[in-house]
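Peer 1:
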Amino acid sequence: MNTAPIIEESTTEERREYIKNRYPCLSDCDMCGLCKVFHGKDPENAYEDYIQGKRSFMEVSAEYK
Numbered sequence: 113m114n115t116a117p118i119i120e121e122s123t124t125e126e127r128r129e130y131i132k133n134r135y136p137c138l139s140d141c142d143m144c145g146l147c148k149v150f151h152g153k154d155p156e157n158a159y160e161d162y163i164q165g166k167r168s169f170m171e172v173s174a175e176y177k
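If you read the sequence shown in our numbering, its first letter stands for residue 113, the second for the next number, and so on.
This is the structure we're talking about:
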């Protein structure tokens with residue numbers, strides 16, 4: 113998978129698309145586990161600060177490790 117777009121070099125739409133592609137909903141919650149990783153949040157909501165350019169991808173990711 114490609115690396116996360118750098119905030120200063122990307123648009124909000126590019127960052128949102130990256131999150132959608134990186135963390136797709138598989139519609140199989142028992143096998144996937146993303147909901148548990150993000151504490152019940154949709155990945156787009158969990159990464160909202162990154163998408164809006166407020167914090168880096170790594171800063172947000174550190175909250176969910």
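The beta-carbon is built from N, C-alpha and C at its ideal position, and this holds for glycine as well.
Please read all numbers here as calculations on a predicted model, not as lab measurements.
In the structure shown, what three-state DSSP assignment does C137 receive?
Peer 2: Against the sequence shown, residue 137 aligns to sequence position 25. If DSSP states are grouped into helix, strand and coil, C137 belongs with coil.
Peer 1: Within 10 Å of its beta-carbon, does I118 have 16 or more other beta-carbons around it, so buried, or fewer, so exposed?
Peer 2: To locate residue 118, count along the sequence shown from 1; it is residue 6. I118 should be labelled exposed.
Peer 1: Count the other CB atoms within 10 Å of the CB of A116; is the residue buried (16 or more) or exposed (fewer)?
Peer 2: Position 4 of the sequence shown, counted from the start, is the residue given in the question as residue 116. By the neighbour-count rule (16 or more Cβ atoms within 10 Å), A116 is buried.
Peer 1: Alpha carbon to alpha carbon, what distance is there between E121 and E160?
Peer 2: On the sequence shown, position 48 is the one that residue 160 refers to. On the sequence shown, position 9 is the one that residue 121 refers to. Approximately 17 Å, taken between the alpha carbons.
Peer 1: Grab me the residues of Y130's own chain with a C-beta within less than 7 Å of its C-beta, minus the 5 sequence neighbours each way, in chain order.
Peer 2: By 1-based counting over the sequence shown, the position of residue 130 is 18. The residues are A116 and P117.
Peer 1: Taking a contact to mean a Cβ-Cβ separation below 9 Å, would you say E156 touches I163 in this structure?
Peer 2: Taking the sequence shown and counting its residues from 1, the one referred to as residue 156 is at position 44. Taking the sequence shown and counting its residues from 1, the one referred to as residue 163 is at position 51. Yes. Within cutoff.
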